[in-house]
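Some notes on the structure that comes next.
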Amino acid sequence: MPNKYNNLSVKYDFAKGHYIPVQGASQVQSISLFSEGKTTLEKFHLYGSFNYQRSTEDSTRWAHQSRFNNSSPLYFGSMKNNHYERSVYQINAAISRPMIEHNLPISIGLEYRIGNHFSNNDPRGDIKDFQLNINPAIGYTFGEKLSIGLGYQYGYGREQIGVGYKNSSYTENTVDAQLSNYLITGYGGAQLFQIKNQLRYNNDQNRQYAKFFINYSGLSNANIILALKKGKENELFKRNLTDNPGYNTLMSYEINHTSADLIWYKRGEQAEINFSLNYDYKAGSGYDQELAGVNYINDEECYGLKIYYTLKGKNGLINNLNFGVQHIENVKRDGNNGIDISFNRIKLNAGWGINKPLKKNHSIGAGISTFYILKTSSTFLAPIENENIFFNSVMYPDYLFYTSNNYSVALSADYSFPSFKGIQTSIKLSGNYIQRLGNYIDLQRTILNTPGKDRFSSNISLNLYF
0 MPNKYNNLSV
10 KYDFAKGHYI
20 PVQGASQVQS
30 ISLFSEGKTT
40 LEKFHLYGSF
50 NYQRSTEDST
60 RWAHQSRFNN
70 SSPLYFGSMK
80 NNHYERSVYQ
90 INAAISRPMI
100 EHNLPISIGL
110 EYRIGNHFSN
120 NDPRGDIKDF
130 QLNINPAIGY
140 TFGEKLSIGL
150 GYQYGYGREQ
160 IGVGYKNSSY
170 TENTVDAQLS
180 NYLITGYGGA
190 QLFQIKNQLR
200 YNNDQNRQYA
210 KFFINYSGLS
220 NANIILALKK
230 GKENELFKRN
240 LTDNPGYNTL
250 MSYEINHTSA
260 DLIWYKRGEQ
270 AEINFSLNYD
280 YKAGSGYDQE
290 LAGVNYINDE
300 ECYGLKIYYT
310 LKGKNGLINN
320 LNFGVQHIEN
330 VKRDGNNGID
340 ISFNRIKLNA
350 GWGINKPLKK
360 NHSIGAGIST
370 FYILKTSSTF
380 LAPIENENIF
390 FNSVMYPDYL
400 FYTSNNYSVA
410 LSADYSFPSF
420 KGIQTSIKLS
430 GNYIQRLGNY
440 IDLQRTILNT
450 PGKDRFSSNI
460 SLNLYF
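Position 150 (the sequence shown) corresponds to 149 in numbering that gives the first Met the number 0; numbering is contiguous.
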């Protein structure tokens, strides 16, 4: 990011369609405000950003959650479509300073997020969350070609989850399943849970990560960059007692996270190329206090490669091409219910965009991109003798969704122009359509929420640069 850079953006997003996991929302609208800036004050480099997003979901089922913790081993859920409203604020700030002339930079960054999520029809979810991450780092440059950096992240946060009823007669409802609240544990446990003063819990979180970075620029007009990250997050699900300061532990959850990125970047007068290899692995395990053992496994592994190529024409026309392939594997296991489910997919993507400078600092741009997801293998072990409402409503339809093939096509356009003194303005539009290919797998089970066929999303944004 260049020095003395500022950006202010307002964006509206819209998505609609039933080709989604069960715990998604068939229609989502959101508006966001984003601002960031960077400047230098003597030897100090300062960066800051602010993001506010307000969204509405018209039909969220089986998930009274914040959307930031989708692999959670314990949560409340209900069959009824809930209308959710979410407000999320995020503030980032960082400061760095070289300690030896222009070398040995030391930096510290802060990331703070606070959110409020609630539904306005029974059963009413009420979720509040906050997260704080602290990121100190140090670097050193050897000569002019080799730079290394070491970083550390410590973070903590909390989610406070509750479910209530405006109509008090529903609180102990056991007749209308649509208005019943369930406690979901692991990946298969679903217990009808209507105890009034216990429809709440906290999820306390803390995380620690080590980071390593190296940049070598000794090649002809090229850089090689390696970034590594490894650490874990611990989550404690508990219900505070009302008659004393203690609490009951419901479940603990540990996520071990490893990621690696290797990038080769070459820049010339007329062309630039960026080639990257990426790896990301998250291994989650949940310890159930009642079972006195690890009952829940949720693993996700993703690796692939990406290629970006930029060609600059003599007339100022810029062509941007990108290609990528990615392998994704998800594993979900629940020992108490005998569940062992996995799905492997290959994602192929490609895109082409152009940008044409015009007179007086005006420019236009357009782009097209596509991806194709192919299921390569899957396993499904869910004993029918253990079947409950969660199997029929969530597990089965999600298995259909994640083992289906699909494709997507996206179009975008933007127009940039000077608006006020020292301010460059751009308006961007984009739309995306995704559709399932072929039929769903026949599980020969009773499925209550079969996924749909397609989904459409779009956004428009106004961006100011100064």
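All residues carry an ideal CB built from backbone N, CA and C; glycine is no exception.
Notebook entry, point to check: Could you check where the beta strand (DSSP E) with residue 373 kicks off and where it finishes?
Noted result: 362 to 380
Notebook entry, point to check: Quick one, which of 385, 237, 180 has its alpha-carbon nearest residue 288's?
Noted result: 237
Check: Do you know how far the Cα of residue 53 is from the Cα of residue 378?
Finding: 38 Å
Margin query: Bridge partners for residue 49 per DSSP, in chain order?
Written below: 34, 90
Notebook entry, point to check: Does the Cβ-Cβ distance between residue 251 and residue 208 come in under 7 Å?
Noted result: no
Notebook entry, point to check: Across which residues does DSSP place residue 24 in a beta bridge pair?
Noted result: 59
Checklist line | For residue 28 and residue 7, the rounded distance between their alpha carbons | finding: 20 Å
Notebook entry, point to check: When you compare only the Cα positions, how much space is there between residue 233 and residue 15?
Noted result: 35 Å
Notebook entry, point to check: Which two residues bound the contiguous alpha helix (DSSP H) that contains residue 175?
Noted result: Taken as a continuous stretch (DSSP letters only), residue 175 belongs to no alpha helix (DSSP H), as it is neither H nor E.
Next item on the list: Mind the definition here: the segment 330 to 339 touches the segment 289 to 297 only if three or more C-beta pairs lie below 8 Å; say whether that holds.
Entry: yes
Notebook entry, point to check: What residue does the beta strand (DSSP E) around residue 461 start on, and which one ends it?
Noted result: 453 to 464
Next item on the list: Can you give me the Cβ contacts of residue 366 inside the same chain, cut-off strictly under 6 Å, excluding the 5 residues immediately before and after it?
Entry: 352, 411
Checklist line | the segment 334 to 346 / the segment 371 to 389 touching (three or more Cβ pairs under 8 Å) | finding: yes
Checklist line | Close beta carbons around residue 79, own chain, < 8 Å, minus the five adjacent residues each side | finding: 60, 120, 121, 122, 177, 178
Check: Should residue 56 be labelled buried (16 or more other beta-carbon atoms within 10 Å of its own) or exposed?
Finding: buried
Next item on the list: Pick out whichever of 58, 427, 322 has its Cα sitting closest to the Cα of residue 117.
Entry: 58
Check: Are the segment 346 to 365 and the segment 192 to 210 touching by the rule of at least three beta carbon pairs closer than 8 Å?
Finding: no
Item checked: Bounding residues of the beta strand (DSSP E) (the contiguous stretch that carries residue 416) -> 404 to 419
Check: How many Å lie between residue 322 and residue 170 at the Cα?
Finding: 53 Å
Next item on the list: Please state whether DSSP places residue 304 in a helix, a strand or coil.
Entry: strand
Next item on the list: Measure the alpha-carbon distance for residue 389 versus residue 445 and round it to whole angstroms.
Entry: 11 Å
Notebook entry, point to check: Exposed or buried, what is residue 198 when buried is set at 16 or more other beta-carbons lying within 10 Å of its beta-carbon?
Noted result: buried
Checklist line | Between the CA atoms of residue 327 and residue 280 - distance to the nearest angstrom | finding: 10 Å
Margin query: Measuring straight from C-alpha to C-alpha, what distance separates residue 115 and residue 86?
Written below: 5 Å
Item checked: Proximal residues to residue 413 (C-beta, below 6 Å), its chain only, five neighbours per side dropped -> 364, 425, 427
Check: residue 356 lies in the beta strand (DSSP E); which residues open and close that run?
Finding: 338 to 356
Check: Does the segment 137 to 146 come close enough to the segment 92 to 105 to have 3 or more Cβ pairs within less than 8 Å?
Finding: yes
Check: How long is the line joining the alpha carbons of residue 282 and residue 257, rounded to whole angstroms?
Finding: 9 Å
Check: With distances taken between CB atoms, is the gap from residue 126 to residue 65 smaller than 7 Å?
Finding: yes
Item checked: Three-way DSSP call (helix, strand, coil) for residue 193 in this model -> coil
Item checked: residue 450 burial status per 10 Å Cβ neighbour count (16 or more: buried) -> buried
Check: Leaving out five residues before and five after residue 159 in sequence, what residues of the same chain have Cβ atoms less than 6 Å from its Cβ?
Finding: 127, 201
Next item on the list: Can you give me the start and stop residues for the beta strand (DSSP E) that residue 322 sits inside?
Entry: 317 to 333
Notebook entry, point to check: The alpha helix (DSSP H) with residue 401 in it runs from where to where?
Noted result: 395 to 401
Notebook entry, point to check: For residue 193, does the count of other Cβ atoms within 10 angstroms reach 16, so buried, or fall short, so exposed?
Noted result: buried
Check: Cα-Cα, which of 187, 216, 368 is closest to residue 337?
Finding: 187
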